[in-house]
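The next block holds one structure in the form of C-alpha cells; read it before the comments.
There are 2 protein chains.
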Amino acid sequence: MADDLFKALADSTRRTILDELAEKSGQTLFEICSRLSMKHQLGISRQAVSQHLAVLEAAGLVETRREGRYKFHDLNTAPLRQITARWLVRDTSGPEENSS
Amino acid sequence: MADDLFKALADSTRRTILDELAEKSGQTLFEICSRLSMKHQLGISRQAVSQHLAVLEAAGLVETRREGRYKFHDLNTAPLRQITARWLVRDTSGPEENSS
DNA sequence: ACCATAGGCAAGTAACCACTTGCCTATCAA
DNA sequence: TTGATAGGCAAGTGGTTACTTGCCTATGGT
Numbered sequence: 001m002a003d004d005l006f007k008a009l010a011d012s013t014r015r016t017i018l019d020e021l022a023e024k025s026g027q028t029l030f031e032i033c034s035r036l037s038m039k040h041q042l043g044i045s046r047q048a049v050s051q052h053l054a055v056l057e058a059a060g061l062v063e064t065r066r067e068g069r070y071k072f073h074d075l076n077t078a079p080l081r082q083i084t085a086r087w088l089v090r091d092t093s094g095p096e097e098n099s100s
Numbered sequence: 001m002a003d004d005l006f007k008a009l010a011d012s013t014r015r016t017i018l019d020e021l022a023e024k025s026g027q028t029l030f031e032i033c034s035r036l037s038m039k040h041q042l043g044i045s046r047q048a049v050s051q052h053l054a055v056l057e058a059a060g061l062v063e064t065r066r067e068g069r070y071k072f073h074d075l076n077t078a079p080l081r082q083i084t085a086r087w088l089v090r091d092t093s094g095p096e097e098n099s100s
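These protein sequence lines are chains B and X, in that order. According to the UniProt record's numbering, the first sequence is numbered sequentially starting from 1. According to the UniProt record's numbering, the second sequence is numbered sequentially starting from 1.
The structure is reproduced here in C-alpha cells:
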C-alpha cells in the first residue's frame, strides 16, 4: 500500500534512520540507537526506535534478517521509485522553470 | 523545510489532489472539490480541501495565481526530486546529518 | 443596489501518532 | 545454572492533525 510508504517517510526520525542505513547497512537495533544519539543528538528510547523500524519495514523500506540473537536491518530503496513515477510522469531531461 | 514536503505527502486526500492537478492544471477550489466527490467518492467539505491545498502550497507542491474572484492551482513537481535524491544516490559519499 | 458565487479565518472536536513505561522472551558466555 | 545482552509486546499519555461548523470578505452578474 502506498499509504504505508508515505506515512513512513513523514517522520523525521525515520528519515534519519534511513540515512544511517544508507550509510551503513546491516545495523542492529542497538547500533542504530547509539548512532541516533551520538551523531544526531536524538534522545530517544530503544523501544521508540524499534517501533520506527517496524513502520519502515511495513512500508518495505527496511528489510530484516535474523542471526542468533541479532537482527540486522537493511535499506531497500525500491519503494521510493514509485513516488516519482506517480507525478513525474513527464520525465524531464533538464531543470524546469522555477517560478518561486 | 523538507519536513513540510513529507508531511504534505503523508495524507491520501492530498495525494489525490496532486493526481487531479497533474491531470488538469489550473483548477479552482470548487473544481477540485467536485472532482474529489465525483471521481473519488470523497465526501469532504470545501474547507477541508482548502486546508489541504494550503498544506500543499506550503510544501511547494502547489502554486497558486489569482484572477478576479478565482484562484487557480497548479502542480509543481520540482520538490519531489529531492526525495529520491536523498536515498537513491549511487555513490558512497554518505549523507550529511540533516535534521529535517 | 441586490444576491449568488468563490474563497478565507478561527474555534472546537475526534482520531491518530510518537513516545514512554513496564514486563516479557530468546540467545550466548561464564 | 546464572547473568548479561538483544529484542519484543502492550497499555497509557501528550501532542499533532484532519475535519467540521459558523461567520466573514471579495468579486461579478442582473
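Glycine is no exception: its CB is placed at the ideal position from the N, C-alpha and C atoms.
Since I believe residue j is in contact with residue i (beta carbons under 8 Å), could you give me their beta-carbon distance rounded to a whole number of angstroms?
{"i": "Leu88 of chain X", "j": "Leu18 of chain X", "result": "The Cβ separation is near 20 Å, so there is no contact."}
{"i": "Leu80 of chain X", "j": "Ala22 of chain X", "result": "Between Ala22 of chain X and Leu80 of chain X the Cβ distance is about 11 Å, and since that is not below 8 Å, they are no contact."}
{"i": "Ala85 of chain X", "j": "Val55 of chain X", "result": "Ala85 of chain X to Val55 of chain X, Cβ: 22 Å. No contact."}
{"i": "Phe72 of chain X", "j": "Gln27 of chain X", "result": "7 Å"}
{"i": "Asp4 of chain B", "j": "Ala59 of chain B", "result": "4 Å"}
Using beta carbons (cut-off 8 Å, strictly below), is residue i in contact with chain X?
{"i": "residue 106 of chain B", "result": "As displayed, chain B neither begins before 1 nor continues past 100, which places residue 106 of chain B out of reach and without an answer."}
{"i": "Thr28 of chain B", "result": "no"}
{"i": "Leu53 of chain B", "result": "no"}
{"i": "Leu88 of chain B", "result": "yes"}
{"i": "Thr84 of chain B", "result": "yes"}
{"i": "Thr77 of chain B", "result": "yes"}
Does at least one heavy atom of the ligand ADP sit under 7 Å from the Cβ of residue i?
{"i": "Asn76 of chain B", "result": "Questions concerning the ligand ADP fall outside what the structure shown contains, since it holds no ligand whatsoever."}
In the DSSP output, which residue or residues are listed as bridge partners for residue i?
{"i": "Thr64 of chain X", "result": "X:His73"}
{"i": "Gln27 of chain X", "result": "X:His73"}
Within the 8 Å Cβ cut-off, does residue i reach chain B?
{"i": "Ser34 of chain X", "result": "no"}
{"i": "Leu18 of chain X", "result": "yes"}
{"i": "Leu42 of chain X", "result": "no"}
{"i": "Ser12 of chain X", "result": "yes"}
{"i": "Leu9 of chain X", "result": "yes"}
{"i": "Glu22 of chain X", "result": "The sequence shown places Ala at residue 22 of chain X, rather than the Glu named in the question. By this cut-off, Ala22 of chain X is an interface position."}
{"i": "Leu80 of chain X", "result": "yes"}
{"i": "Gly94 of chain X", "result": "The predicted model places Gly94 of chain X with a pLDDT of 42, which falls under 50 and marks its position as unreliable, so this point remains unresolved."}
{"i": "Asp91 of chain X", "result": "Reliability fails at Asp91 of chain X, whose pLDDT of 49 lies under 50, so the model's placement of it is uncertain and the value that follows must be treated cautiously. Closer than 8 Å: no."}
Three Cβ pairs or more, each shorter than 8 Å: is that satisfied between the segment 1 to 19 of chain X and the segment 59 to 76 of chain B? no
Between the segment 41 to 56 of chain X and the segment 36 to 50 of chain B, are three or more C-beta pairs nearer than 8 Å? no
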